[in-house]
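The structure appears right after this line, and notes come after that.
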Amino acid sequence: MSSKRIVLSSDHAALALRARIAEHVQSLGWEVEDIGPTTNESTHYPIHGAAAAARVASGDCQFGIILCGTGQGIMMAANKVKGIRCGVCSDPFSARMIRQHNDANMLSIGARVVGEDLALDIVNAFLSAEFEGGRHQTRVEMIE
Ligand code: RB5
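Here our numbering is used: the first residue of the sequence shown is 2, the next is one more, and so on.
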């Protein structure tokens, strides 16, 4: 597994926020693999959710951050990929907990739901939390 490497993707609803998150995550010392899309042209979130999830499932990226308008559709697509545990978060508490208790390896954010500063707080909470293991490990294995 590649540590300190994050894949980012979104649909057309989240290009600006994705760019801001990419810059922020890089400033935290992460290597960012931004797999697009690169234009605001209308596109299909399942394509981008699945593509980002594949980068995490392969072990090439430790984490993934994906975005669409609500964060919901792209999360659903990512979670279809074996080994992916992705949650939509609109608050930092949930972002911390999906790492600590669910060992989430992907974070989804709704660009039409949260503002930029809150989104960065959510990203910070996700990236700074550690999986607690123990009883949570048993439950994560049950998901798999
Ligand atoms: C696109 O309009 C929108 O449906 C998409 O970004 C997302 O919110 C779907 O879950």
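Just so it is clear, CB atoms sit at the ideal spot from N, CA and C, and this is done for glycine as well. These figures come from a predicted structure and were not determined experimentally.
From the DSSP output, which residues share a beta bridge with residue i?
i	result
glycine 65	Val8, Met107
glycine 88	Leu108
valine 33	Ile7
Got a sec: does the ligand RB5 put a non-hydrogen atom nearer than 7 angstroms to the Cβ of residue i?
i	result
threonine 71	yes
alanine 17	no
alanine 78	no
alanine 51	no
Looking only at C-alpha atoms, which of the options sits nearest to residue i?
i	options	result
proline 93	Lys5, Leu121, Asp61	Leu121
histidine 13	Glu24, Arg113, Asn103, Lys5	Arg113
glutamine 27	Ala96, Thr139, Ile7	Ile7
cysteine 62	Pro38, Gln101, Glu34, Glu24	Glu34
valine 82	Leu16, Glu145, Trp31, Arg140	Glu145
alanine 130	Glu117, Asn103, Thr139	Asn103
Confirm, please, whether the CB-CB distance from residue j to residue i is below 8 angstroms.
i	j	result
alanine 55	arginine 86	no
valine 124	serine 109	no
methionine 107	phenylalanine 64	yes
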